[in-house]
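Notes to accompany the following structure.
Residue numbers (this note's numbering), protein chains in the order written: chain A, 35 to 346; chain B, -4 to 426.
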């Protein structure tokens, strides 16, 4: 439910298992969760997360059902607790939850006592995104490394730029990556990046100068401005672009070897130019691809009791 | 009317300067006689409560409770709320007007006090400062006062506009009523559901800055100073920040009539108690930083805080079993206040028993001008709490007399167990 639910060893096992499952014979893999029932409960729209969780579950043989807030009794006012109990009564053995309120997975777990996988809760966390980002980072910066330890990413600086305040992706990454030795550098205007962010955990620092942050970083993770969460905050987008847009020029000048990441959806021409998003340094589609493998491992762990290491 | 004698106890009546072994006689709802043990003259025929080893004190007074009637009886009723109050040792509560409809009329004010409400103890309504608590039109304070209102407030919301607050303070001063302010600059707290700080950032919850409270307290104090000649009385409800308390302290030094209350949760808990989205740690004002919490303790100990008030805010279970940001604000408090104050203020922080009891009775009575309450001097109301100061016990929300169970103090260790609560000469609660 949170990256704190995983030990470094647990992260390492998930990464290894993701690779095994990715390489496994689809016909054998299909038996791991054969006919097990998984509910995907989505209170927010999603393309990547929903599809990759669904494909991951099906790849392991599970039956999935999707309940989304717009075509269910949630529209009629049914509470999260009652929706969860209903899904359990229908035979769901685990629930994958995407919710617009921070902390919703804890409420659902308390109500249903089922394994709950957090597919993003409000502005809080998106743990599987951090895991797939980690997998992508490792592919580029530590090729061939199978497991991770507390110093695997020592010497690596990961810059996260943009709407940190409203971003669950930023929180999960800034809380996970330093535990593997990375330094996280947050960048953005103070409306979107409050000073308190640096106090969220060890290994986190703030650098307001985008070019300076780029120069220090081996990984540049760009975030979308989340218009739906701005809550009345006025932002001058032209000013924002001038200060924080990742352009081909900036990348060439300050970080010609950095890996460019973005959790999506990308808004071309705002936080990132189309040229960079499609360019040779971009690993954005690799991230999406890695999502399926990571989520296979996470779903398996949630449903196969013999897998130790807590929740995801 | 019955006659009731409480004998062999230790009478602690801070307002009268008494802390001694005394027997007390109640007759016709009033304190009739106080005498050395065994020396009561009018005891013949009286019902006798043996208080050997127990403290006998003025009944407790909570000037900030939400009884939810009229209109929200599924959360609490005046009957259940006052039953919980009696179990907590309270004999008077001041009920906030954010009911449904809002108590902004003499009719509702009288309705709340009617015998049909089956209150165990005395209920003093606090009326809305403005029509519907919308902050636009001032109510008729003289009429509300004669119907029994003891103060005015738009609690749950602030009186935000400068002009409206100035008018409220002036009108209330003319009527001889206190203005109680819920100090929250709501322009700074849109969508926020806990204190703003590292914890809110980490949990991904929108935070209320401490300045949202202190700015409004400072503004109100400026208005009180402007109106100095009219002698308005401003009371700051549920003070939770060091800066707001500092402003009150300064106002008092400047000779202004500004008082404040602090709730037990604000001197005992911090924002860390939100934990993993515990809705029983959600209230407004929110649990603050450790520095703010420490400032509340300091203010209580050094005397700038005038009263402990619980902000008893009952809610139905299903209302709290929702996403943190969607849960209603508030926790219950009537049954835990005495046990927490004795354990922490008296037990841990060595505040003399008389001073703790004064914050829970004499001072709140004086603050709202509740005549004959908050003391057991002869002639005053026969409102008393009899408790075992040594008894340690564990609070169980499931055993609450309140309809609601929304408390962060479930399972907490308490000190001082109420044995009897006597309201105007009648035993309102027996353990």
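Backbone N, C-alpha and C define an ideal beta-carbon position, used for all residues, glycine too. Note that the structure is predicted; figures quoted are calculated from it, not measured.
Return helix, strand or coil for residue 409 of chain B, following the three-state DSSP convention. Residue state, collapsed to three classes: strand.
So with Cβ pairs under 8 Å, would you call residue 224 of chain A a contact of chain B? Using beta-carbon distances, residue 224 of chain A does not count as an interface residue toward chain B, since no partner is under 8 Å.
Closer than 8 Å to chain B by CB, residue 242 of chain A: Answer no: the Cβ-Cβ gap between residue 242 of chain A and chain B never drops below 8 Å.
Cutoff 8 Å: residue 115 of chain A Cβ touching any chain B Cβ: The beta carbon of residue 115 of chain A sits closer than 8 Å to some beta carbon of chain B.
With a cut-off of 8 Å on the beta carbons, I'd call residue 325 of chain B and residue 308 of chain B a contact; round off their distance for me. With a beta-carbon spacing of about 2 Å, residue 325 of chain B and residue 308 of chain B fall inside the 8 Å limit used to define contacts.
Please work out which residues of its chain come closer than 7 Å, Cβ to Cβ, to residue 202 of chain B, disregarding the five sequence neighbours upstream and downstream, and give them in chain order. Excluding the 5 residues flanking it on each side, residue 202 of chain B has same chain C-beta neighbours closer than 7 Å at 187, 189, 190, 191, 192, 195, in chain order.
Nearest by alpha-carbon distance to residue 71 of chain A: which of A:129, A:324, A:37, A:93 is it? Looking at the Cα atoms, A:129 is the closest of the given residues.
Per-residue DSSP class, three states only, for residue 346 of chain A: Residue confidence is low: residue 346 of chain A scores 44 on pLDDT, short of 50, so the model does not pin down where it sits. Its coordinate-derived value is still stated next. In this structure, residue 346 of chain A counts as coil in the three-state DSSP scheme.
Please state if the CB of residue 288 of chain A and the CB of residue 249 of chain A are separated by a distance shorter than 8 Å. At a Cβ-Cβ threshold of 8 Å, residue 249 of chain A and residue 288 of chain A count as neighbours.
Excluding the 5 residues flanking residue 264 of chain B on each side, which residues of the same chain have their C-beta closer than 6 Å to its C-beta? Taken in chain order, the residues that qualify are 282.
Helix, strand or coil for residue 87 of chain A per DSSP? Look at residue 87 of chain A here: in three-state DSSP terms it is helix.
Can you check whether the CB of residue 216 of chain A is closer than 8 Å to the CB of residue 192 of chain A? Yes; because the gap between Cβ atoms is below 8 Å, this pair is in contact.
Alpha carbon of residue 348 of chain A to alpha carbon of residue 66 of chain A, nearest angstrom: In the structure as shown, chain A starts at 35 and stops at 346, and residue 348 of chain A therefore has no counterpart that could be examined.
When the Cα of residue 417 of chain B is compared with those of B:21, B:2, B:5, which residue comes out closest? The candidate whose alpha carbon is nearest that of residue 417 of chain B is B:21.
Among residues of its own chain, excluding the 5 on either side of residue 95 of chain A, which ones have a beta-carbon nearer than 8 Å to its beta-carbon? Non-local C-beta neighbours of residue 95 of chain A in its own chain, meaning closer than 8 Å and more than five positions away in sequence, comprise 63, 64, 65, 66, 67, 68, 69, 70, ordered along the chain.
Would you check if the stretch 74 to 82 of chain B and the stretch 111 to 128 of chain B touch, i.e. whether three or more CB-CB distances between them fall below 8 Å? Judged by Cβ distances under 8 Å, the stretch 111 to 128 of chain B makes contact with the stretch 74 to 82 of chain B, as three or more pairs qualify.
Could you work out which residue in B:312, B:382, B:371, B:356 is closest to residue 115 of chain A when comparing CA atoms only? Closest option to residue 115 of chain A, Cα to Cα, is B:312.
At the 8 Å Cβ level, is residue 324 of chain B part of the contact set with chain A, yes or no? Not closer than 8 Å to any Cβ of chain A, the Cβ of residue 324 of chain B fails to qualify, so no.
For residue 132 of chain A versus residue 80 of chain A, is the C-beta distance shorter than 8 Å? Contact flag set, yes.
Secondary structure at residue 25 of chain B, three-state DSSP: helix, strand or coil? Residue 25 of chain B falls in the strand class under three-state DSSP.
From what residue to what residue does the alpha helix (DSSP H) around residue 115 of chain A run? 114 to 123 is the span of the alpha helix (DSSP H), which, as asked, contains residue 115 of chain A.
Test: residue 64 of chain B CB closer than 8 Å to a CB of chain A: When Cβ-Cβ separations below 8 Å define contact, residue 64 of chain B makes no contact with chain A.
In three-state DSSP terms, what is residue 347 of chain B? Coil at residue 347 of chain B, not helix or strand.
Beta strand (DSSP E) runs contained entirely in the stretch 326 to 393 of chain B, provided each spans 3 or more residues: Those beta strand (DSSP E) runs which fall completely within the stretch 326 to 393 of chain B and span 3+ residues are 379 to 389.
Contacts around residue 152 of chain A, its chain only, beta-carbon distance under 8 Å, and the 5 residues preceding and following it disregarded: Correct list, in chain order: 35, 36, 131, 139, 159, 160, 161, 162, 346.
Hey, is residue 206 of chain A's beta-carbon within less than 8 Å of any beta-carbon in chain B? Using beta-carbon distances, residue 206 of chain A does not count as an interface residue toward chain B, since no partner is under 8 Å.
Check each candidate in B:55, B:209, B:233, B:235 and name the one with the smallest Cα separation from residue 246 of chain B. Of the listed residues, the one whose Cα sits closest to residue 246 of chain B is B:209.
Which bits of chain A does residue 321 of chain B rub up against, with CB to CB less than 7 Å? Against chain A, the beta carbon of residue 321 of chain B has neighbours under 7 Å at 135, listed in chain order.
Determine the chain B residues that contact residue 347 of chain A at a beta-carbon separation under 7 Å, and present them in chain order. The structure shown does not extend to residue 347 of chain A, since chain A spans only 35 to 346, so no value can be given for it.
Look up residue 208 of chain A in the DSSP assignment and say whether it is helix, strand or coil. Correct three-state label for residue 208 of chain A: helix.
Establish whether the CB of residue 199 of chain B and some CB of chain A are separated by less than 8 Å. Yes - at least one Cβ of chain A is within 8 Å of the one on residue 199 of chain B.
Contact criterion: CB-CB distance below 8 Å. Does residue 255 of chain A meet it with respect to chain B? It does not: the Cβ of residue 255 of chain A has no partner Cβ on chain B nearer than 8 Å.
What three-state label does DSSP hand residue 17 of chain B in the structure shown? Residue 17 of chain B: strand per DSSP, three-state reduction.
Just curious, the beta strand (DSSP E) that residue 120 of chain B is in, first and last residue? Counting along the chain, the beta strand (DSSP E) containing residue 120 of chain B begins and ends at 117 to 120.
Between residue 147 of chain A and residue 389 of chain B, what straight-line distance do the alpha-carbon atoms span, to the nearest angstrom? Cα to Cα, residue 147 of chain A sits roughly 28 Å from residue 389 of chain B.
Nearest neighbour of residue 141 of chain A, chosen from B:357, B:328, B:376, B:316 [CA to CA]: Of B:357, B:328, B:376, B:316, the smallest CA-CA separation from residue 141 of chain A is found for B:316.
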